[in-house]
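Structure, as structure tokens:
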Amino acid sequence: MPAPSSTIRSVPFFRLWAGNAGSGIATWALPFVLGFMVSNGDLTALELGIFLALRSVGFLTAVPVGGVMADSAGSRRVILIASLAAACGTLLLFLGLFANLPLGSSLAALGVILSGMGQGACRPAYQSIVPSVVSRDALQPANAALSLSVRATVLIGPATATLIASKWGAGAAILVIAGLWIASALVPPWPRESVADSGAGAGRISPLRRFLHDLLDGYREARRHPWFFAGLAALSTVIATGYSVTAVLVPLISRDSHGDASLLTGSVTAYMSGALLGAIAASRWRPAKRGWWALLGLGAYGLVPLGLLAPQQFWIPIAAYFLAGLGMELFNIVWFTAIQDEVARAKLARVSSLDFIISYGLAPLGLSAITPVTNVLGTTTVLIATSIVCFGAALAANTIPTTSEFRARSR
7 MPAPSSTIRS VPFFRLWAGN AGSGIATWAL PFVLGFMVSN GDLTALELGI FLALRSVGFL
67 TAVPVGGVMA DSAGSRRVIL IASLAAACGT LLLFLGLFAN LPLGSSLAAL GVILSGMGQG
127 ACRPAYQSIV PSVVSRDALQ PANAALSLSV RATVLIGPAT ATLIASKWGA GAAILVIAGL
187 WIASALVPPW PRESVADSGA GAGRISPLRR FLHDLLDGYR EARRHPWFFA GLAALSTVIA
247 TGYSVTAVLV PLISRDSHGD ASLLTGSVTA YMSGALLGAI AASRWRPAKR GWWALLGLGA
307 YGLVPLGLLA PQQFWIPIAA YFLAGLGMEL FNIVWFTAIQ DEVARAKLAR VSSLDFIISY
367 GLAPLGLSAI TPVTNVLGTT TVLIATSIVC FGAALAANTI PTTSEFRARS R
């Protein structure tokens, strides 16, 4: 298959960028629409918790399935099917909540599961299709552009959803989300893709055994790259500890130190500003030791819990969040580029799914443990320990061979 010659200024990449942005806005908007319904008394907090939990279950279940399917049938087909599934799930949610049908709650629950599954299957598919749309030299700028769209959707999705729900009702906002998933299904281009060879005896193997075989094959491909598991372990550690601690404790620290949400709001703004600068820098900067710099950026998240030790000095945690956002974005862009560059094309989606399900699948464990651990050890101890863990995870990953360049072989 000839290598793609497109750049990030091409129409095919713009279509991919737009489809990815649409799916991102839809993903971030739905929880805020449901939260809006809780604030209006149209949904209980218990129902919201159940719906979000079911959505997460659907997401985590579908990530490996989407990875296997994308490698065997093509990433673009999976984007189409998964996005349409998410759209159908969103419409089922609308019917369950607003159509006054029998078993409406069950229909809504089925809808959020299906929506989560579509979202989960899309993640590795969107990641693995990038090398089929742009040339190898354009991978890092392409990932930077996609990352910028993700950062934008984190802000645009909730704000747009809240605005639509306020003016025209939550039902209208949910229908718009369904429309965004349809756009995600139809807008991206259809590039020529490499797919995995199913083998001569594939028809004699049960679907479950074939799925497990393909999944393990992706794991074996990941094992060929020592830097991958080193980086993934560091990323998972930072997400499960650093992200979880700050997500739970920052609202409390903001309230106790400033009497309002100013620190919480400022931290989000600073992090997003740093991430924006990091994405712009990473689009042009290609250091020889890319793995070393990426892990340095990842470890920078350890500055955040240190900054939160002095919340009364407002600029200290704000500066820490800015540097953490810059570093994390540098890591993400270099990380995704290295995976696309080094992993065999026919196994790329499965390796990407392994990345997503491990790094983000462990986050709920961290979130659930933070409050009881903080009650026992105290906030200061937890913040210091979290900082040490974040720094240590990045340093430990750098000791693994091939990690300094995120490359298994010299070129």
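Be aware that the sequence shown starts at 7, since it is given in the numbering used here, and climbs by one per residue.
For glycine and all other residues, C-beta sits at the position ideal for the given N, C-alpha and C.
Rounded separation between residue i and residue j - CA only
{"i": "leucine 109", "j": "alanine 246", "result": "37 Å"}
{"i": "alanine 93", "j": "glutamate 227", "result": "33 Å"}
{"i": "valine 156", "j": "glycine 117", "result": "24 Å"}
{"i": "arginine 351", "j": "alanine 178", "result": "40 Å"}
{"i": "serine 111", "j": "isoleucine 170", "result": "23 Å"}
{"i": "leucine 107", "j": "serine 172", "result": "24 Å"}
{"i": "glycine 41", "j": "arginine 230", "result": "44 Å"}
{"i": "alanine 191", "j": "glycine 384", "result": "48 Å"}
{"i": "tyrosine 225", "j": "tryptophan 174", "result": "47 Å"}
{"i": "glycine 95", "j": "valine 140", "result": "31 Å"}
{"i": "isoleucine 188", "j": "threonine 243", "result": "35 Å"}
{"i": "serine 121", "j": "alanine 253", "result": "25 Å"}
{"i": "valine 182", "j": "arginine 21", "result": "19 Å"}
Residue closest to residue i, alpha-carbon to alpha-carbon, out of the options
{"i": "phenylalanine 217", "options": "Ser78, Gly47, Thr50", "result": "Ser78"}
{"i": "glycine 372", "options": "Asp361, Ala399, Gly248", "result": "Gly248"}
{"i": "glycine 305", "options": "Ala330, Thr408, Phe320", "result": "Ala330"}
{"i": "arginine 215", "options": "Leu99, Val136, Val74, Gly175", "result": "Val74"}
{"i": "lysine 295", "options": "Ser141, Pro407, Val39", "result": "Pro407"}
{"i": "serine 250", "options": "Ser365, Gly55, Phe235, Val84", "result": "Ser365"}
{"i": "aspartate 48", "options": "Phe104, Phe397, Ala391", "result": "Phe104"}
{"i": "arginine 82", "options": "Trp174, Ala131, Asp220, His219", "result": "Ala131"}
{"i": "leucine 302", "options": "Gly280, Thr243, Ile119, Phe397", "result": "Phe397"}
{"i": "valine 274", "options": "Leu389, Ala59, Leu161", "result": "Leu161"}
{"i": "isoleucine 87", "options": "Met123, Asp223, Leu181", "result": "Met123"}
Within 7 Å, strictly: CB atoms of residue i and residue j
{"i": "leucine 238", "j": "glycine 284", "result": "no"}
{"i": "asparagine 26", "j": "isoleucine 339", "result": "no"}
{"i": "tryptophan 298", "j": "serine 410", "result": "yes"}
{"i": "alanine 276", "j": "isoleucine 322", "result": "no"}
{"i": "leucine 113", "j": "leucine 101", "result": "yes"}
{"i": "proline 232", "j": "tryptophan 34", "result": "no"}
{"i": "glycine 308", "j": "alanine 326", "result": "no"}
{"i": "serine 138", "j": "proline 197", "result": "yes"}
{"i": "glycine 367", "j": "threonine 159", "result": "no"}
{"i": "phenylalanine 65", "j": "glutamine 125", "result": "yes"}
{"i": "proline 311", "j": "threonine 392", "result": "yes"}
{"i": "valine 39", "j": "alanine 151", "result": "no"}
{"i": "glycine 280", "j": "leucine 332", "result": "yes"}
{"i": "valine 63", "j": "leucine 54", "result": "no"}
{"i": "alanine 403", "j": "alanine 267", "result": "no"}
{"i": "proline 147", "j": "isoleucine 14", "result": "yes"}
Assigned exposure category for residue i - 16 Cβ within 10 Å defines buried
{"i": "glutamine 133", "result": "buried"}
{"i": "leucine 186", "result": "buried"}
{"i": "arginine 290", "result": "exposed"}
{"i": "threonine 387", "result": "exposed"}
{"i": "lysine 353", "result": "buried"}
{"i": "arginine 61", "result": "buried"}
{"i": "alanine 400", "result": "buried"}
{"i": "aspartate 143", "result": "exposed"}
{"i": "valine 349", "result": "buried"}
{"i": "leucine 52", "result": "exposed"}
{"i": "threonine 405", "result": "exposed"}
{"i": "valine 69", "result": "buried"}
{"i": "alanine 76", "result": "buried"}
Within-7 Å CB hit, residue i to chain D
{"i": "arginine 21", "result": "Annotation note: the requested chain D is absent from the structure, which comprises a single protein chain."}
8 Å contact criterion, which residue i and residue j should meet: CB distance rounded
{"i": "phenylalanine 342", "j": "arginine 129", "result": "Phenylalanine 342 to arginine 129, Cβ: 11 Å. No contact."}
{"i": "aspartate 220", "j": "arginine 356", "result": "7 Å"}
{"i": "glycine 72", "j": "alanine 127", "result": "3 Å"}
{"i": "alanine 344", "j": "phenylalanine 412", "result": "4 Å"}
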